[in-house]
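Here is the structure we will look at, set down as structure tokens.
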């Protein structure tokens, strides 16, 4: 998280420019109006603020204090500093979880636990959306950020083992225009 704390302002400006309407719209349509949503790995708040503007009761969780400060400056309300794999919420607390480009920073050895935690805090039939970079393996980049890359079948298997059903995956292009980067988007429902 040191990278995100050191570069919070620059990263916030970079990420806030991304329009994810093609993902926000189906997520919002699939949830009851004004329901409670967890933005897991909220960063500077781009997605939290968008979901809140659409009437959802959003709780934002991130490990980086620097990113949470950026989020607060942009009007974030319920902000929690925490671990993506140890969620400080009661069972069945949320109708939806939005985990956009966050769980890829966990080692693969922890991802199943994180998915179990997501399932635990979702209401029955709750919706999970997550996105990760497509690829294979794990590595730390030159900035010190940890990355875990996935394939669709791998993510589907992990979500199913964690108790999710109606699991669907698809790919999308990188909004930053990097031709060598693709994103895997997973949609799943918690078992009721």
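In our numbering, the protein residues as written are 1030 to 1221. All residues carry an ideal CB built from backbone N, CA and C; glycine is no exception.
8 angstroms Cβ shell around residue i - same chain, five flanking residues per side excluded
| i | result |
| --- | --- |
| residue 1141 | 1187, 1190 and 1191 |
| residue 1134 | 1070, 1113, 1174, 1175, 1176 and 1177 |
| residue 1212 | 1130, 1160, 1161, 1162, 1163, 1200, 1201, 1202 and 1203 |
| residue 1053 | 1076, 1079, 1080 and 1083 |
| residue 1193 | 1144, 1148, 1157, 1217, 1218, 1219 and 1220 |
| residue 1301 | Residue 1301 falls outside the range modelled here, since the chain spans only 1030 to 1221, and no answer is possible. |
| residue 1105 | 1071, 1074, 1077, 1078, 1089 and 1097 |
Residue i: first and last residue of the uninterrupted beta strand (DSSP E) it sits in
| i | result |
| --- | --- |
| residue 985 | The requested residue 985 is not part of the displayed model; the chain covers only 1030 to 1221. |
| residue 1215 | 1211-1219 |
| residue 1108 | 1107-1110 |
Of the residues the options, the one placed nearest residue i, counting alpha carbons only
| i | options | result |
| --- | --- | --- |
| residue 1075 | 1119, 1198 and 1050 | 1050 |
| residue 1100 | 1172, 1072, 1148 and 1210 | 1072 |
| residue 1093 | 1103, 1109 and 1105 | 1109 |
| residue 1220 | 1107, 1061 and 1121 | 1121 |
| residue 1123 | 1095, 1170, 1154 and 1215 | 1154 |
| residue 1107 | 1132, 1127, 1128 and 1068 | 1068 |
| residue 1181 | 1170, 1146, 1198 and 1127 | 1198 |
| residue 1183 | 1137, 1096, 1095 and 1151 | 1137 |
| residue 1064 | 1125, 1208 and 1207 | 1125 |
Residues near residue i in its chain [Cβ-Cβ closer than 6 angstroms; skip 5 each side]
| i | result |
| --- | --- |
| residue 1080 | 1066 and 1087 |
| residue 1165 | 1178 |
| residue 1059 | 1156 |
| residue 1057 | 1083 |
| residue 1048 | none |
| residue 1169 | 1175 |
Close Cβ partners of residue i (< 7 angstroms) along its chain, the five nearest in sequence each way excluded
| i | result |
| --- | --- |
| residue 1196 | 1185, 1188, 1189, 1215 and 1217 |
| residue 1210 | 1162 and 1203 |
| residue 1062 | 1084 |
CB-CB length for residue i against residue j, believed under 8 angstroms
| i | j | result |
| --- | --- | --- |
| residue 1127 | residue 1146 | Contact doesn't hold; Cβ gap of about 15 angstroms is too wide. |
Mind listing, in chain order, the continuous alpha helix (DSSP H) runs of no fewer than 4 residues lying wholly within the region 1123-1192? 1137-1150 and 1181-1190
Could you name each continuous alpha helix (DSSP H) segment of 4 residues or more that falls completely within the region 1058-1094, going from the start of the chain to the end? 1075-1082
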